[in-house]
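In the working numbering, the protein residues as written are -16 to 216.
To start, the structure itself, in structure tokens.
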């Protein structure tokens, strides 16, 4: 009897995670080419390329198990401000797999471009790991809703770093972020989004262990875009 209950609970949990981590509320037009931005959907990534001349290239890693499409609104908003964005599709949606795609796909090879590594949650961890292993391949680092780096130290990093956190984040809590502040250089910029939680950094369902937000997803998204653009531009 107890075995059946545990099996049923396990199946329910898996189904709930699969549904919750799917992209929700993403406007299909964001994946269509416009006068301003060209969109290409490849096996390894979504690519958003500004029609106008650009120098900034963002390489974005999704959170673990999260449908990469959940980050399309963020990536498209940045591309509409003349930043080329690669939104990577990680194997089996595991953030720790495929984080070397920028090198494997020969993307970070143009010395005239500024390469910005970025990621949310575990994707942020892998963006930090990429920079740790390949410091000459990145010009800037953006960490969103993550307590990483934890196992490695980037305190001697000389490139600009931005860390964005939500005050209501139940996964990457303010306390855990503060505890690992010394793993980033003293010049790193820390931004707090009042009322923002973990799940609303992307357009997907509520993540187990998170706290409720006190602001809308749209407002949180808008503040993230604003702070990233200020940091890059």
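C-beta: ideal position from N, C-alpha, C; glycine also.
So, is residue i buried or exposed, given that buried needs 16 or more other C-beta atoms within 10 angstroms?
i           : result
residue -2  : Caution is warranted here: a pLDDT of 49 is assigned to residue -2, below 50, making its placement in the model unreliable, and no coordinate value can be reported.
residue 197 : exposed
residue 90  : buried
residue 112 : buried
residue 165 : exposed
residue 176 : buried
residue 83  : exposed
residue 99  : buried
residue 94  : exposed
residue 105 : buried
residue 125 : buried
residue 81  : buried
Pull up the distance between the alpha-carbon of residue i and that of residue j, whole angstroms please.
i           : j           : result
residue 189 : residue 129 : 16 Å
residue 213 : residue 47  : 27 Å
residue 143 : residue 215 : 9 Å
residue 33  : residue 14  : 13 Å
residue 78  : residue 173 : 23 Å
residue 209 : residue 38  : 19 Å
residue 207 : residue 36  : 24 Å
residue 200 : residue 7   : 11 Å
residue 171 : residue 147 : 11 Å
residue 75  : residue 49  : 10 Å
residue 97  : residue 68  : 12 Å
Which partner residues of residue i appear in the DSSP bridge assignment?
i           : result
residue 97  : 39
residue 59  : Answer is none; residue 59 lacks a bridge partner.
residue 148 : 175
residue 28  : 71
residue 103 : 127
Between which residues of its own chain and residue i is the CB-CB distance below 8 Å, once the five residues before and five after are set aside?
i           : result
residue 70  : 28, 29, 30, 31, 43, 45, 51, 54, 55, 58
residue 10  : 56
residue 168 : 137, 138, 139, 140, 141, 144
residue 163 : 130, 131, 132, 133
residue 16  : 22
Ordered along the chain, which non-local residues of its own chain (more than five positions away) have a Cβ less than 7 Å from that of residue i?
i           : result
residue -5  : Its pLDDT being 46, under 50, residue -5 is placed unreliably in this model, and the coordinates cannot settle the point.
residue 178 : 150, 151, 196, 197, 198
residue 159 : 130
residue 157 : 148, 150
Return the chain-ordered list of same chain residues with a C-beta closer than 6 Å to the C-beta of residue i, the five sequence neighbours on each side being excluded.
i           : result
residue 24  : none
residue 85  : 42, 91
residue 184 : 103, 127, 128
Handout entry: Touching by the beta-carbon criterion (3+ pairs, under 8 Å), the region 117 to 132 and the region 58 to 67
Key = They do not touch, by the three-pair rule.
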